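Participant:
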Amino acid sequence: MNGIGWFQIGVSDAQAAHRFYGDLFGWTFADDEAYQMITTPDEQSIKGGLAVGQPAHAVFCVVVEDVPGVCGRAEAAGGKVLVPPTTTDDGLVFANITDPEGNHFGIFQPRS
Numbered sequence: 001m002n003g004i005g006w007f008q009i010g011v012s013d014a015q016a017a018h019r020f021y022g023d024l025f026g027w028t029f030a031d032d033e034a035y036q037m038i039t040t041p042d043e044q045s046i047k048g049g050l051a052v053g054q055p056a057h058a059v060f061c062v063v064v065e066d067v068p069g070v071c072g073r074a075e076a077a078g079g080k081v082l083v084p085p086t087t088t089d090d091g092l093v094f095a096n097i098t099d100p101e102g103n104h105f106g107i108f109q110p111r112s
């Protein structure tokens, strides 16, 4: 859980991004030539990178165990819920949220 494919997040404040994503999903960060590489707890997930000093942007979806719970924690950490937890006819639960800098991303929990 909490794993994704490759992604890039543009931020102006690397430390704030570390706190937000680290606290919310357990991600860790390491300096690289072009990015601060991000590693997720899911060993099957592809790494991503923080593009420090670039305009705010992000496109990715994170697989989570509890969409409503993550939405609540995101809001408590300064994010916003754009699309509240929604369940599709086949049982997939998803939501769209932003981080404190306005980066938009999706979360979903697998069908039960």
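Just so you know, we're using the UniProt record's numbering here: the sequence shown kicks off at 1 and counts up by one. Glycine included, C-beta positions come from ideal geometry on N, C-alpha and C. Predicted model, so just to flag it, every value in this text is computed and none were measured.
Residue range of the beta strand (DSSP E) that residue 95 falls in?
Facilitator: First-last of the beta strand (DSSP E) with residue 95: 93-98.
Participant: Please report the straight-line C-alpha distance between residue 74 and residue 64, rounded to a whole angstrom.
Facilitator: Roughly 13 Å separates the two Cα atoms.
Participant: Buried or exposed, going by whether 16 or more other CB atoms sit within 10 Å of the CB of residue 33?
Facilitator: Classification of residue 33: exposed, given that the 10 Å Cβ count is below 16.
Participant: Can you tell me whether residue 85 is helix, strand or coil according to DSSP?
Facilitator: Looking at residue 85 - three-state DSSP - the assignment turns out to be strand.
Participant: Among residues of its own chain, excluding the 5 on either side of residue 38, which ones have a beta-carbon nearer than 7 Å to its beta-carbon?
Facilitator: 27, 29, 47, 48, 49, 50, listed in sequence order.
Participant: To the nearest angstrom, how far is the alpha carbon of residue 15 from that of residue 1?
Facilitator: Looking at the two C-alpha atoms, the distance is approximately 24 Å.
Participant: Would you list the one or two residues that DSSP bridges to residue 61?
Facilitator: DSSP output for residue 61 lists 106 as bridge partner(s).
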